[in-house]
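Working notes, structure below.
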Amino acid sequence: MTGKKMKIGVPITHGFSEFFKIVWDPRTDVPTYSGFSYDVFLEVLKELPFALPYEFKPFMNARRQSAGSYDDLLYQITLGVVDAVVADMTITANRSNYVDFALPYSEARVSMLVAMKDDERRNMWIFLKPLKWNLWLTTGLAFMFTGFVVGVLKRQKNEDFNGSPSEQFSLSAFPMRSPLVSYVSRAVLKVTQDKAKMDAIERKNFLSLWTSSCQDMMMDQDARISTDLSLSVYSFGGLFIITGFASLFALVAELLISNRHHFSSSAYLALFILHWGLQRGIHRG
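Following this line, the structure appears as structure tokens:
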């Protein structure tokens, strides 16, 4: 390699800067670099079989703001402005048309869905899985109680009721066919396969995020981790309470209407209006 320094383009990020962060010293105006991508890049340089002089070139405008998107940053390689780019970039087909990427340093996390033959004898009762047994029982009792109330309310006026009951990031990009790609890719592989080294880098850059997330979970006392996703009675508690009160109120009103001769005319009128309103609600339902 020659003594010429490689110009490494780096992004200006705002918001989530754990991957790459640039801070300028207010007195010396010298930039300081940090972040997950930066630390991995330094470890990769140590694994190279030769020294690689470099200098970072932030992709920014005169106000030290980002000069464009990641696509624009990568295109600086084609224009010859920089020799390589280090950032938390996603490898896409379009970008691969004009730059070569080194080996990704994070998992692709690709998953597959495959068909699985299940026990058919067990599937006969699969319809019971979404709900817990107490919800099935409560639902059945609610249906029977509601049916009883409706039967009482309509028994006097409807002959039908008068019968009997019955659910990748890339480390760096280079110009097309750059000889450095193979060297950097092998170095990236060595770094990523070193679990202790990668764990140290991740803890350095993401520990604060993990700590805050854990604290938020601990503060939420109602948070519970469960492998049973079936719905319980508590999931529909409000609905059962409303239905129960409405049905019970309608039943009491009907009993009072049926025994109206025991009340004064004004009380009877109020009960009649209430009963009429309940009957209209039932017919509309």
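Quick note, the sequence shown lines up with residues 1 to 285 if you use UniProt numbering.
We treat Cβ as the ideally placed atom computed from N, Cα and C, and that holds for glycine.
Task: Lys12 in three-state terms, based on DSSP - done: As written in the sequence, residue 12 is Ile, which differs from the Lys given in the question. Ile12: coil per DSSP, three-state reduction.
Open item on the list: Using CA atoms only, rank isn't needed, just tell me which of Leu189, Leu239, Ser34 and Phe56 is closest to Phe19.
Closed with: Ser34
TODO: Can you tell me the Cβ-Cβ gap for Asn205 and Phe101, rounded? I've got them flagged as a contact below 8 Å.
DONE: With a Cβ gap of about 21 Å, Asn205 and Phe101 do not count as contacting.
Task: Identity of the residue in Ser17, Ile77, Lys5 and Leu45 nearest Lys190 by Cα - done: Leu45
TODO: Would you give the residue range spanned by the beta strand (DSSP E) that Tyr54 belongs to?
DONE: Tyr54 to Pro58
Open item on the list: Under DSSP, the alpha helix (DSSP H) around Thr192 begins and ends at which residues?
Closed with: Leu180 to Gln193
Open item on the list: Helix, strand or coil for Tyr70? Go by DSSP, reduced to three states.
Closed with: helix
Task: Ser34 - partner residues in DSSP beta bridges - done: Lys21
Task: Whole-Å CB distance - Ile12 paired with Met89, under 8 Å assumed - done: Not a contact, Cβ separation roughly 14 Å.
- [ ] Could you check if Ala87 is buried or exposed, using at least 16 other CB atoms within 10 Å of its CB as the buried criterion?
- [x] buried
TODO: Reducing DSSP to helix, strand and coil, say where Lys51 ends up.
DONE: Before going on, a small fix: residue 51 reads as Ala here, not Lys. DSSP places Ala51 in coil when its eight states are reduced to three.
Open item on the list: On the criterion of 16 or more Cβ atoms from any shown chain inside 10 Å, does Ser247 qualify as buried, or is it exposed?
Closed with: buried
- [ ] Determine the direct distance from the alpha carbon of Ala62 to that of Ser182, and round the result to whole angstroms.
- [x] 35 Å
Open item on the list: Suppose you measure from the CA of His14 to the CA of Trp24; what does that come to, to the nearest Å?
Closed with: 14 Å
TODO: Give me the Cα-Cα distance between Val99 and Leu79, rounded to the nearest whole angstrom.
DONE: 11 Å
TODO: Would you identify the three-state DSSP class for Ser166, choosing helix, strand or coil?
DONE: Reliability fails at Ser166, whose pLDDT of 43 lies under 50, so the model's placement of it is uncertain and the value that follows must be treated cautiously. Ser166 falls in the coil class under three-state DSSP.
Task: Cα-Cα separation, Lys21 to Leu135 - done: 52 Å
Open item on the list: Taking its Cβ as the centre, do 16 or more other Cβ atoms sit within 10 Å of Gln76, making it buried, or is it exposed?
Closed with: buried
Open item on the list: Helix, strand or coil, according to DSSP, for Val252 in the structure here?
Closed with: helix
Open item on the list: Checking 8 Å against the spacing of the C-beta atoms, do Ala142 and Phe240 come in under that value?
Closed with: yes
Task: Within 8 Å, strictly: CB atoms of Ala187 and Glu55 - done: no
Open item on the list: If you reduce the DSSP assignment to three classes, tell me which class Met6 lands in.
Closed with: strand
Open item on the list: For a test of the three-state rule: what should DSSP assign to Val86, helix, strand or coil?
Closed with: strand
Task: Reduced DSSP secondary structure (H/G/I, E/B, other) of Gln221 - done: Below a pLDDT of 50, predicted positions are generally treated as unreliable, and Gln221, at 48, falls in that range; no measurement from the model is reported.
TODO: State buried or exposed for Ser96, treating a residue as buried only when at least 16 other CB atoms are found within 10 Å of its CB.
DONE: exposed
Task: Through-space distance from Leu207 to Ala67, alpha-carbon basis - done: 30 Å
Open item on the list: Rounded to whole angstroms, what is the Cα-Cα separation between Asp222 and Gly244?
Closed with: Note that Asp222 scores a pLDDT of 48, beneath 50, so its modelled location is shaky; the value from the coordinates is reported in the next line. Going by the C-alpha atoms only, they are around 27 Å apart.
Task: Beta-carbon separation (whole angstroms), Pro58 vs Pro31, contact threshold 8 Å - done: 7 Å
Open item on the list: Taking the beta carbon of Gly9 as the centre, do at least 16 other beta carbons fall within 10 Å, making it buried, or is it exposed?
Closed with: buried
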